[in-house]
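The opening residue of the sequence shown carries number 11 in this note's numbering; numbering runs sequentially from there. For each residue, glycine too, the CB sits at the ideal point set by N, CA and C.
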Amino acid sequence: MTRLALAALLAAASFAVAADARQEVNALLERLASSECRFHRNGEWHGAQRARQHLETKLANQERWGKLESAEQFIEKVASGSSTTGKPYLVQCGTAAVTSAEWLTGQLKALRAR
């Protein structure tokens, strides 16, 4: 295999990973938006739909600087906490609040188990 062919194959593979990641991120955002959960950020509770909008805005900003390679990177870099205050986001679904990272990671595991 020539180096050019190998480079093309690797580029295609990295694009597929990013595309798969985007599908998983979209599924996570949809799960959040359709949930009955509340989302806490910067000292205020918000509904799930507003939380999705906020995370989509942050995601668009992140994608301007570089692509995310995995849903885990989305959780870590975009959906875990405030880039302004550094405080973690929380999700509350009728029980005690948990960090958004914990909630989203659980949702990602459930998605992948299907």
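Report task. Just list the alpha helix (DSSP H) runs in the segment 48-120, keeping only unbroken ones of 4 residues or longer that don't cross its boundaries, in chain order. Result -> 58-75 and 81-84
Check your understanding: Cα separation between Trp-113 and Ser-45?
Key -> Working through the sequence shown from its first residue, we reach residue 113 at position 103. Working through the sequence shown from its first residue, we reach residue 45 at position 35. Approximately 12 Å, taken between the alpha carbons.
Check: Is Arg-41 helix, strand or coil by DSSP?
Finding: The residue labelled residue 41 in the question sits at position 31 within the sequence shown. In this structure, Arg-41 counts as helix in the three-state DSSP scheme.
Taking the alpha-carbon of Arg-74 as reference, which of Thr-109, Val-88, Leu-118 and Thr-115 has the nearest alpha-carbon? Counted from its first residue, the sequence shown places residue 74 at position 64. Cα-wise, what sits closest to Arg-74 is Val-88.
message: So Ala-31 and Arg-62 are supposed to be a Cβ contact under 8 Å. How far apart are they, rounded?
response: Within the sequence shown, the letter at position 21 stands for residue 31. Within the sequence shown, the letter at position 52 stands for residue 62. Actually they do not touch by this definition, with Cβ atoms about 17 Å apart.
Next item on the list: Identify, in the order they occur along the chain, each residue of the same chain with its Cβ nearer than 6 Å to the Cβ of Arg-41, setting aside the five sequence neighbours on each side.
Entry: Here residue 41 is taken as the residue at index 31 of the sequence shown, counted from 1. So the list reads Gln-117, once near-sequence residues are dropped.
_Cα-Cα separation between Ser-110 and Val-101, rounded to whole angstroms_ = The residue labelled residue 110 in the question sits at position 100 within the sequence shown. The residue labelled residue 101 in the question sits at position 91 within the sequence shown. About 5 Å.
| In whole angstroms, what separates the C-alpha of Glu-82 from that of Leu-121? | One-based indexing of the sequence shown puts residue 82 at position 72. One-based indexing of the sequence shown puts residue 121 at position 111. Rounded to the nearest angstrom, the two C-alpha atoms are 13 Å apart.
| message | Please report the distance separating the alpha-carbon of Ser-92 from that of Gln-33. | response | Within the sequence shown, numbered from 1, the residue matching residue 92 stands at position 82. Within the sequence shown, numbered from 1, the residue matching residue 33 stands at position 23. Whole-angstrom Cα-Cα distance: 23 Å.
| For the putative contact between Phe-84 and Leu-69, defined by C-beta atoms under 8 Å, what is the C-beta separation to the nearest angstrom? | In the sequence shown, residue 84 corresponds to position 74, counting from 1. In the sequence shown, residue 69 corresponds to position 59, counting from 1. Correct: roughly 7 Å between the Cβ atoms.
| query | DSSP three-state call for Ala-21: helix, strand or coil? | reply | Working through the sequence shown from its first residue, we reach residue 21 at position 11. Low per-residue confidence applies at Ala-21: pLDDT is 43, beneath 50, and the placement is therefore not dependable, though the value from the model is reported in the following sentence. Residue state, collapsed to three classes: helix.
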